[in-house]
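Novice: Input: one structure, supplied below.
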Amino acid sequence: MMNIFDKNYVAQNYDQFYESEKGRAVDRIEKSVVWQLLRSIPVRGDMLELGCGTGHWTKFFCEEGFRITAVDTSEAMLSEARKKDIACATFLRADAAALPFTDESFSVVASITMLEFVEDIHKIFNEIDRVLKRDGYLLFGWLNALSELGKKKNSDEIYRHARFYTPDEIQQYLSYFGDPIMQVGVHYSPSFDLLDGTDKQDSVHPAFIATLVQKK
137 MMNIFDKNYV AQNYDQFYES EKGRAVDRIE KSVVWQLLRS IPVRGDMLEL
187 GCGTGHWTKF FCEEGFRITA VDTSEAMLSE ARKKDIACAT FLRADAAALP
237 FTDESFSVVA SITMLEFVED IHKIFNEIDR VLKRDGYLLF GWLNALSELG
287 KKKNSDEIYR HARFYTPDEI QQYLSYFGDP IMQVGVHYSP SFDLLDGTDK
337 QDSVHPAFIA TLVQKK
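Be aware that the sequence shown starts at 137, since it is given in this note's numbering, and climbs by one per residue.
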């Protein structure tokens with residue numbers, strides 16, 4: 137699978153979506169969904185963020201009190217992340233399938249919309265299992281294959297390179313670690329209007345699924 141994020145223009149323009157009116161609304165919804173799960177993590181310890189990209193979520197996790205080691209394979213994306221000057225984060229180029237950390241190094245592993253772009257998800261989960269402390273937490277944000285976004289992903293320059301997952305697949309992957317909690321948001325209509333907060337919200341599948349599971 138090619139790494140679309142190695143392209144400089146993709147990295148440099150990635151955050152532009154969040155500057156649009158719809159992007160700001162989506163960002164608020166996604167962060168609200170993730171925040172609901174963060175409340176279940178009792179201690180704000182050392183977090184490993186996989187696929188940190190431009191540091192958009194790194195900044196959010198920092199504001200929530202975590203000390204973050206943020207990794208990505210794309211130097212172009214990391215360059216944009218470092219420009220944000222996030223004090224509580226260390227950025228490192230590393231492959232999530234071969235992490236340069238000792239066993240049980242982190243109390244939390246987080247990743248927002250990275251797993252859609254990996255070649256071998258099983259290798260990723262094996263590495264997460266290795267570096268995550270017992271009783272530690274896994275926090276993921278996923279893009280739902282059943283959503284309108286998932287149905288039309290091939291028309292998007294970035295998402296056409298992605299592999300979206302269904303809720304059942306997510307449940308299956310995470311069941312090895314424990315019993316995941318799920319929160320959902322970002323409900324798109326077929327014409328990509330946001331339906332969150334309207335009476336039509338439940339008529340479509342959510343595009344964004346956040347999950348939290350505590351390692352057994």
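Positions of the beta carbon are idealized from the N, C-alpha and C atoms, including for glycine. Model, not experiment: these values are computed from the prediction.
1. DSSP three-state label for Leu214, please.
2. Between the C-alpha atoms of Ser168 and Arg266, what's the straight-line distance to the nearest angstrom?
3. Return the bridge partner residues of Leu182 from the DSSP annotation.
4. Between which two residues does the beta strand (DSSP E) containing Lys269 stretch?
5. Which of the three DSSP states, helix, strand or coil, is assigned to Arg296?
6. Put Ala225 into one of helix, strand or coil per three-state DSSP.
7. How long is the line joining the alpha carbons of Met138 and Arg296, rounded to whole angstroms?
8. In chain order, what residues of the same chain have a beta carbon less than 7 Å from the beta carbon of Pro236, not counting five sequence neighbours either side?
9. Look up Met138 in the DSSP assignment and say whether it is helix, strand or coil.
10. According to the Cβ coordinates, are Ala234 and Glu211 closer than 8 Å?
11. Go ahead and pull the three-state DSSP assignment for Val169.
12. Candidates Gly191, Glu200, Arg164: which alpha carbon is nearest Ser176's?
13. Determine the contact status of Leu268 and Glu240, defining contact as a CB-CB distance below 8 Å.
14. Have a look at the DSSP bridge pairing and note the partners of Phe242.
15. Where does Thr194 fall in DSSP's three states?
16. Tell me whether Lys195 is buried or exposed, calling it buried when 16 or more other Cβ atoms sit within 10 Å of its Cβ.
Specialist: On the basis of the coordinates in this document:
1. As a position in the sequence shown, residue 214 is number 78, starting the count at 1. Looking at Leu214 - three-state DSSP - the assignment turns out to be helix.
2. On the sequence shown, residue 168 is found 32 positions in, with the first residue counted as 1. On the sequence shown, residue 266 is found 130 positions in, with the first residue counted as 1. Spanning the two alpha carbons is a distance of roughly 29 Å.
3. Taking the first residue of the sequence shown as 1, we reach residue 182 at position 46. Looking at the sequence provided, one finds Asp at residue 182 rather than Leu. Answer is Arg203.
4. The residue you call residue 269 lines up with position 133 of the sequence shown. Lys269 -> beta strand (DSSP E) spans 268-279.
5. Your numbering for residue 296 matches position 160 in the sequence shown. If DSSP states are grouped into helix, strand and coil, Arg296 belongs with the helices.
6. Mapped onto the sequence shown, residue 225 falls at position 89. Strand.
7. As a position in the sequence shown, residue 138 is number 2, starting the count at 1. As a position in the sequence shown, residue 296 is number 160, starting the count at 1. Note that Met138 scores 45 on pLDDT, short of 50, meaning its location in the model is unreliable and no value can be drawn from it.
8. One-based indexing of the sequence shown puts residue 236 at position 100. Same-chain partners within the cutoff: Ala230.
9. Against the sequence shown, residue 138 aligns to sequence position 2. Low per-residue confidence applies at Met138: pLDDT is 45, beneath 50, and the placement is therefore not dependable, though the value from the model is reported in the following sentence. It is coil, neither helix nor strand.
10. Numbered from 1 along the sequence shown, position 98 holds the residue referred to as residue 234. Numbered from 1 along the sequence shown, position 75 holds the residue referred to as residue 211. It is not a contact, given that the beta carbons lie outside the stated cut-off.
11. Locating residue 169 in the sequence shown gives position 33, where the first residue counts as 1. Three-state DSSP puts Val169 in a helix.
12. Start at 1 with the first residue of the sequence shown, and residue 176 comes out as number 40. The candidate whose alpha carbon is nearest that of Ser176 is Glu200.
13. Residue numbering aside, residue 268 sits at position 132 when the sequence shown is read from its first letter. Residue numbering aside, residue 240 sits at position 104 when the sequence shown is read from its first letter. Yes. Within cutoff.
14. Translated into the one-based positions of the sequence shown, residue 242 becomes position 106. Bridge partners of Phe242: Leu268.
15. Counting from 1 along the sequence shown, the entry for residue 194 is found at position 58. Here Thr194 sits in helix by DSSP.
16. On the sequence shown, position 59 is the one that residue 195 refers to. With 16 or more other Cβ atoms within 10 Å, it is buried.
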